[in-house]
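In what follows, a single structure is set out as structure tokens and then discussed.
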Amino acid sequence: MSNVDTRELAKFSEMAHRWWDPSSEFGPLHAINPLRLEWVESLAPLDGRQVLDVGCGGGILAESMARRAAHVTGIDLASKPLGVARLHALESGVDNLDYIEIAAETLAAQRPAGFDVVTCMEMLEHVPDPASVVGACATLVVPGGMVFFSTLNRNPKSWLFGIVGAEYVLKLLPQGTHDYTRFIRPSELAQWCRAAGLTVEATRGLEYNPLTRRYRSSADTSVNYLLAARKAVT
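Here you go:
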């Protein structure tokens, strides 16, 4: 429990009941979810796989992966979002999906190499020690398995678009959702991956068009980006 920001847990817990409302502050997650899901499956087909979603929140990505016939475990340390995730899965009839309130590092000690695919989306920028989470994800995935991360780059453009634009001008997110000092450059994330025994295989950017109000996948990783890495086979 040392690698947790209690203020972040409280913030997302307060909004938990709106997690599945696409018109709420979680609307951007609903909008980008098809893009990140397709990208994950293009590199690691999910059918029949044991998949772990680290920092699953209310379960938007976890449930969508379960619908692709994966056996999904979602973990988080915020109990209210997990309660929302469990209820939504029950109401939706998705039964190949489990949610556990546990830290990634704790689960890594219990189930090393327990999953074929590990995802960790929009979570690293909310914890005090993101490198520790990367290391835990590497421990949790099988040799040869894939780990997927998504986060925000750290540069003037990402501050302008990710905070000023998203939180203050367009009001896509509540003010204070992100802390710029916790944004992560791709080079930093790649370094943590290498230190954990992961080899970076691909990156992808997510761009928002304020005129069309749509997101699209692109090669531009200057603001929001995804990174895919594979664990070495020893």
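Here the working numbering is used: the first residue of the sequence shown is 61, the next is one more, and so on. Cβ atoms here follow ideal geometry from the backbone N, Cα and C, with glycine treated the same way.
Does the Cβ of residue 190 have 16 or more other Cβ atoms within 10 Å, making it buried, or fewer, making it exposed? buried
Starting from residue 161, follow its DSSP beta bridges and name the residues at the other end. 136
By DSSP, does residue 148 sit in helix, in strand, or in coil? helix
Within the chosen definition, does the region 83–101 reach the region 120–131 through at least 3 CB pairs nearer than 8 Å? yes
Check whether residue 157 and residue 164 have beta carbons under 8 Å apart: no
Expected contact under 8 Å - CB spacing of residue 110 and residue 175 to nearest Å: 5 Å
For residue 265, write down the residues that DSSP places opposite it in a beta bridge. 278 and 285
Taking all protein chains shown into account, do 16 or more other C-beta atoms lie within 10 angstroms of the C-beta of residue 225, making it buried, or fewer, making it exposed? buried
In three-state DSSP terms, what is residue 290? strand
Residue of 81, 68, 69 and 100 minimising C-alpha distance to residue 263: 100
Going by DSSP, which residues form a beta bridge with residue 112? 133 and 178
Taking only three categories from DSSP, how would you classify residue 272? coil
So, are the CB atoms of residue 4 and residue 137 less than 8 Å apart? Since the first residue of the chain shown is 61 and the last is 294, residue 4 is not available in this structure.
Helix, strand or coil, according to DSSP, for residue 202 in the structure here? strand
Does DSSP classify residue 221 as helix, strand or coil? helix
Proximal residues to residue 192 (C-beta, below 7 Å), its chain only, five neighbours per side dropped: 63 and 165
Local conformation of residue 209 per DSSP, three classes: strand
Put residue 237 into one of helix, strand or coil per three-state DSSP. coil
Whole-angstrom distance between residue 256 and residue 230, CA atom to CA atom: 38 Å
Nearest-angstrom Cα distance between residue 293 and residue 173? 11 Å
With burial defined as no fewer than 16 other Cβ atoms inside 10 Å of the residue's Cβ, what is the status of residue 241: buried or exposed? exposed
Residue 252 to residue 154, Cα distance in whole Å? 34 Å
Using the Cα positions of residue 181 and residue 88, report the straight-line distance between them to the nearest angstrom. 13 Å
From residue 113 to residue 78, what does the alpha carbon distance come to, in whole angstroms? 20 Å
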